[in-house]
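Protein sequence lines, in the order shown, are assigned to chains A and B.
Counting from 1 along the first sequence, just add 582 to a position and that's the residue number in my numbering.
Counting from 1 along the second sequence, just add 1434 to a position and that's the residue number in my numbering.
The C-beta atom is built at its ideal place from N, Cα and C for all residues, glycine as well.
Quantities reported herein were computed from a predicted structural model and do not represent experimental measurements.
What follows is one structure encoded as structure tokens, with my remarks underneath.
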Amino acid sequence: MTDAPTDDQTVLPLKADSDVVRVRQLVRDVATAVRLSLVDQTKLVTAASELARNTLVYGGGGEARVRRLTQGTSVGVEVVFSDDGPGIADTDLALTDGWTSGNGLGLGLSGTRRLVDDFHLDTAPGAGTTVTIAKWRR
Amino acid sequence: MERIPILRIGEMLLVSIQVDLQDHTALMLQDDLSNRIVETGAKGVLIDISALEIVDSFIGRMISTTAAVSRVLDAETVVVGMQPAVAITLVELGLTLSGVRTALDVDRGLRMLRDSVEFPVVERGVTPDDGRAD
Chain A
583 MTDAPTDDQT
593 VLPLKADSDV
603 VRVRQLVRDV
613 ATAVRLSLVD
623 QTKLVTAASE
633 LARNTLVYGG
643 GGEARVRRLT
653 QGTSVGVEVV
663 FSDDGPGIAD
673 TDLALTDGWT
683 SGNGLGLGLS
693 GTRRLVDDFH
703 LDTAPGAGTT
713 VTIAKWRR
Chain B
1435 MERIPILRIG
1445 EMLLVSIQVD
1455 LQDHTALMLQ
1465 DDLSNRIVET
1475 GAKGVLIDIS
1485 ALEIVDSFIG
1495 RMISTTAAVS
1505 RVLDAETVVV
1515 GMQPAVAITL
1525 VELGLTLSGV
1535 RTALDVDRGL
1545 RMLRDSVEFP
1555 VVERGVTPDD
1565 GRAD
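Here it is, written out as structure tokens:
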């Protein structure tokens, strides 16, 4: 997490398939605006796509908040995914490479974590899930 | 509802994905392709993803499944045009698209497919002349 001053953030709902595409497009726009490299943009957008789908499929829907980060001379993009779904009981297991909850959507969270600079998972059974990711300009 | 067009050229089916793929559009394409292979008896499928800005695990799985299904239906699939940034991201994410043939561009992909259609893999060491009584 970062204590950077809050720039304008955009909140998008995640209720349907088409919302995942919308989140990808918004993340791409913000990543382009802070001038992340093309590879870093692609990694961030891909990570956002994975997490947006998780929010929709496992969390039963929720929202994504996208904002620009500034910390000293560094700039980056933060995306927060939150849902009020069942939560994750064993976060260590959920972050293990190759783990999926069974229906085999996605590569679990571990693959997604490798694509970003900051990754924070906040969840508990019955308390929903919030995943915060960030990518900084090099 | 969005649908990806499938073009038939001789014994090949050609698909060029030009939109940001929603999950259900990807699944529909997978179904449509399988049906078209059976309807047309196509021997090759070429999927152009040069316009795709990302391939996440869902789209990656769609590509792998499509290649596997077409193989079972006696057709070869070649995926062409993946952007370098997409390739780097895919591998880092942990997806290697194993079992999927790839080519850099449509030209090379078509050549690859033609070769495999015109010169299908024969059993090693067996030529048409073998076994002929002399």
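Problem - Inter-residue spacing [alpha-carbon to alpha-carbon] between A:Val657 and A:Thr614 - result: By 1-based counting over the first sequence, the position of residue 657 of chain A is 75. By 1-based counting over the first sequence, the position of residue 614 of chain A is 32. The alpha-carbon atoms of A:Val657 and A:Thr614 are separated by roughly 12 Å.
Problem - Proximity to A:Trp664 [Cα-Cα], best of A:Gly710, A:Val605, A:Thr652 and A:Ile715 - result: On the first sequence, position 82 is the one that residue 664 of chain A refers to. Per the sequence shown, residue 664 of chain A should be read as Ser rather than Trp. For the residues A:Gly710, A:Val605, A:Thr652 and A:Ile715, the minimum Cα distance to A:Ser664 belongs to A:Gly710.
Exercise for the section: Over the uninterrupted alpha helix (DSSP H) stretch that includes B:Pro1518, give me the two end residues. Expected result: On the second sequence, position 84 is the one that residue 1518 of chain B refers to. Pro1518 to Leu1527 is the span of the alpha helix (DSSP H), which, as asked, contains B:Pro1518.
Practice task
Please confirm if B:Ser1532 has its CB atom under 8 Å from at least one CB of chain A.
Solution key: The count along the second sequence starts at 1 and reaches residue 1532 of chain B at position 98. For B:Ser1532, the answer is no, since every Cβ of chain A falls outside 8 Å of its Cβ.
Problem - Check whether B:Leu1531 and B:Ile1497 have beta carbons under 8 Å apart - result: By one-based count along the second sequence, residue 1531 of chain B stands at place 97. By one-based count along the second sequence, residue 1497 of chain B stands at place 63. In this structure, B:Ile1497 lies closer than 8 Å to B:Leu1531 by Cβ.
Practice task
Check distances from the C-beta atoms of the region 626-650 of chain A to those of chain B and list, in chain order, the residues that come in under 7 Å.
Solution key: Val627, Thr628, Ser631, Glu632 and Arg635
Problem - Proximity to A:Ser692 [Cα-Cα], best of A:Arg647, A:Val612, A:Ala706 and A:Leu633 - result: For this step, residue 692 of chain A is matched to residue 110 along the first sequence. Nearest option by C-alpha distance: A:Leu633.
Practice task
Name, in chain order, the residues that DSSP records as bridge partners for B:Met1446.
Solution key: Working through the second sequence from its first residue, we reach residue 1446 of chain B at position 12. According to DSSP, B:Met1446 bridges with B:Ile1443 and B:Gly1478.
Problem - Member of A:Leu618, A:Leu594 and A:Ser631 whose CA lies at the smallest distance from the CA of A:Arg720 - result: The residue given as residue 720 of chain A occupies position 138 in the first sequence. Ranking A:Leu618, A:Leu594 and A:Ser631 by Cα distance to A:Arg720 puts A:Leu618 first.
Exercise for the section: Following the continuous beta strand (DSSP E) through B:Glu1510, name the residue where it begins and the one where it ends. Expected result: Residue 1510 of chain B sits at position 76 when you count from the first residue of the second sequence. That run of the beta strand (DSSP E) goes Glu1510 to Val1514.
Problem - Contacting positions in the region 1506-1523 of chain B - beta carbon closer than 7 Å to chain A - result: Ala1519, Val1520, Ile1522 and Thr1523
Practice task
Would you check if the region 639-657 of chain A and the region 1532-1542 of chain B touch, i.e. whether three or more CB-CB distances between them fall below 8 Å?
Solution key: no
Problem - A:Thr678, buried or exposed, once every other Cβ within 10 Å from all chains shown has been counted against 16 - result: Residue 678 of chain A sits at position 96 when you count from the first residue of the first sequence. Exposed is the call here.
Practice task
Check the DSSP bridge columns for A:Gln653 and list the partner residues they point to.
Solution key: As a first step, residue 653 of chain A is located in the first sequence; it is residue number 71 there, counting from the start. Bridge partners of A:Gln653: A:Ser656.
Problem - Spatial distance of B:Thr1459 from A:Leu638 (CA atoms) - result: Within the second sequence, residue 1459 of chain B is the residue found at index 25, counting from 1. Within the first sequence, residue 638 of chain A is the residue found at index 56, counting from 1. Each residue's alpha carbon lies about 16 Å from the other.
Handout entry: is_contact[B:Ser1491, chain A] using C-beta, thresh 8 Å
Key = Position 57 of the second sequence, counted from the first residue, corresponds to residue 1491 of chain B. Closer than 8 Å to some Cβ of chain A, the Cβ of B:Ser1491 qualifies, so yes.
Practice task
Would you kindly check if the distance between the Cβ of B:Asp1465 and the Cβ of B:Val1514 is under 8 Å?
Solution key: Residue numbering aside, residue 1514 of chain B sits at position 80 when the second sequence is read from its first letter. Residue numbering aside, residue 1465 of chain B sits at position 31 when the second sequence is read from its first letter. No. Outside cutoff.
Handout entry: Member of A:Val661, A:Asp700, A:Ser600 and A:Asp699 whose CA lies at the smallest distance from the CA of A:Ala646
Key = Here residue 646 of chain A refers to the residue found at position 64 of the first sequence. Ranking the options by Cα distance to A:Ala646, first place goes to A:Val661.
Practice task
Can you say whether A:Val593 is buried or exposed, counting buried as having 16 or more other CB atoms within 10 angstroms of its CB?
Solution key: Within the first sequence, residue 593 of chain A is the residue found at index 11, counting from 1. Its Cβ having fewer than 16 others within 10 Å, A:Val593 is exposed.
Exercise for the section: Grab the span of the beta strand (DSSP E) containing A:Val713 for me, first residue to last. Expected result: Stepping through the first sequence from its first residue, residue 713 of chain A is reached at position 131. Residues Thr711 to Trp718.
Problem - Classification of A:Asp601 by the beta-carbon crowding that lies within 10 angstroms, buried from 16 upward - result: Here the question's residue 601 of chain A lines up with position 19 in the first sequence. So A:Asp601 counts as buried.
Practice task
Run the CB neighbour count on B:Glu1473, radius 10 Å, all protein chains shown included, and call it buried at 16 or more, exposed below.
Solution key: Position 39 of the second sequence, counting from 1, holds the residue named residue 1473 of chain B. Label assigned to B:Glu1473: exposed.
Exercise for the section: Look at the Cβ atom of A:Arg649, then the Cβ atom of A:Gln607, and state whether they are nearer than 8 Å. Expected result: Here residue 649 of chain A refers to the residue found at position 67 when the first sequence is read from its first residue. Here residue 607 of chain A refers to the residue found at position 25 when the first sequence is read from its first residue. No, the Cβ-Cβ distance between A:Arg649 and A:Gln607 is not below 8 Å.
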